[in-house]
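Notes to accompany the following structure.
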Amino acid sequence: MRYKRNAINRPRRGAVTTLEILQVPGCPGADLLAARLDALLAGRPGVRLTRRVVTSQEDAERVGMTGSPTLLADGTDPFTPPGAQPPSLSCRLYPGDGGDRPGPAPSLSHLRTALAPDVRAQ
1 MRYKRNAINR PRRGAVTTLE ILQVPGCPGA DLLAARLDAL LAGRPGVRLT
51 RRVVTSQEDA ERVGMTGSPT LLADGTDPFT PPGAQPPSLS CRLYPGDGGD
101 RPGPAPSLSH LRTALAPDVR AQ
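Everything in the sequence shown is counted per my numbering, starting at 1 for the first residue and increasing by one.
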């Protein structure tokens, strides 16, 4: 596989410049993730957010989608440790805040933590 994963443990050399949402067609979690990222990134120039629709298992494996939606920060999934989850077209759930039920997208606080210090609120 040619994708990278586990941004949490990668060395930080600079700010994240590209965020990509990988999703299956019509994924409501992808819309929620995009809205949360828009709120988090408001007023932060230099970060590009894109979306890619993935329609086959082969494409999921090629791009590293471990369920829909998957967020890639500069090509790395900050929410999946290496080998923890195989690439798939399945729906994905993210842990809730403080014991809340899992949801279809990372919470704002989880996004801040995963992407910090790159997009931490000032």
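No residue lacks a Cβ here, since even glycine has one placed at the ideal position from N, Cα and C.
For my contact list, residue i and residue j are in at a C-beta cut-off of 8 Å; report their separation, rounded to the angstrom.
i   : j    : result
L33 : R112 : So it is not a contact: roughly 14 Å between Cβ atoms.
G46 : T76  : About 18 Å; that fails the 8 Å criterion.
G65 : L108 : The residue asked about is misnamed: residue 65 is Met in this sequence, not Gly. Wrong, their Cβ atoms sit about 22 Å apart, outside the cutoff.
R52 : E20  : 6 Å
Based on DSSP bridge pairs, tell me the residues matched to residue i.
i    : result
A73  : L19 and T76
T66  : S88
R48  : T18
V53  : Q23
G103 : Y94
Would the beta-carbon of residue i fall within 7 Å of that of residue j?
i    : j   : result
L37  : A60 : no
A35  : P78 : no
R101 : S68 : no
Taking the straight line between their C-alpha atoms, what separation do you get for residue i and residue j?
i    : j    : result
Y94  : V54  : 19 Å
P28  : L72  : 18 Å
A105 : A116 : 17 Å
V63  : G99  : 31 Å
Y3   : P81  : Residue confidence is low: Y3 scores 42 on pLDDT, short of 50, so the model does not pin down where it sits. No coordinate-derived value is stated.
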